[in-house]
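Residue numbers in the sequence shown follow my numbering, run continuously in steps of one, and reach 366 at the last position.
Beta carbons: idealized from backbone N, C-alpha and C, even for Gly.
From a predicted model like this one, the values you see are computed outputs, not experimental measurements.
Here is the structure we will look at.
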Amino acid sequence: MEEDFLNDFKQTIESAEKKLLAIPEAQSEMRLAPEKWSAKELLGHLIDSAANNHHRFVLAQLSDDLVFPRYEQDKWVAAQKYQQESWPLLIQLWKAYNLHLLHIMATAPDEILRKRRSNHNLYEIAWRPVEKRVPISLKYLMRDYLYHLQHHLNQMFSEKAA
């Protein structure tokens, strides 16, 4: 994986951790609307995303396709009751998980990262879906993970500032 991408991911983790730690516990539990997630739930969703993508990043190195199960994000967040979890603990878990994903990205063989695969379901599961008929790489999925992460972090920090 390119050094610029890895540095961007590492910087995203470090910068977000500082901003997340600045959010008080009580504020992390507030919802701006009944149907929206709180900061705790949104960070929980990002932990779930890390867990699901961890699975995908490893499996993709061991197989010839990019076909993975979907997960129901709202049900995952509800089942884990992130509102009842400690905010600092959620931040630690989110940071540690993403540092591990950074390690996986940095050590994945380049030929596996670049290998285009016709058999995939990224048209269903990726944050930035691709067409079913377009061959896609693990590198694309890893980049997509970071873009999804940055989108939600920006969303969280802009709502905090509002």
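For Arg260, the enclosing alpha helix (DSSP H) stretches over residues Ala243 to Leu266.
Of all alpha-carbon atoms in Lys343, Leu306, Leu305 and Trp241, the one lying nearest the alpha-carbon of Asp314 is that of Lys343.
Separation of Lys285 and Lys223 (C-alpha to C-alpha, rounded to the nearest whole angstrom) is 23 Å. Excluding sequence positions up to five before and after Ile329, its CB lies within less than 8 Å of the CB of Phe272 and Arg274, all in the same chain and listed in chain order. Inter-residue distance for Glu289 and Leu246 is about 12 Å (C-alpha atoms, whole angstroms). Around the beta carbon of Ala230, fewer than 16 other beta carbons lie within 10 angstroms, which makes this residue exposed.
With respect to the C-alpha of Ser232, the residue from Pro292, Asp252 and Arg320 having the closest C-alpha is Pro292. Taken through DSSP and simplified to helix, strand or coil, Ile227 comes out as coil.
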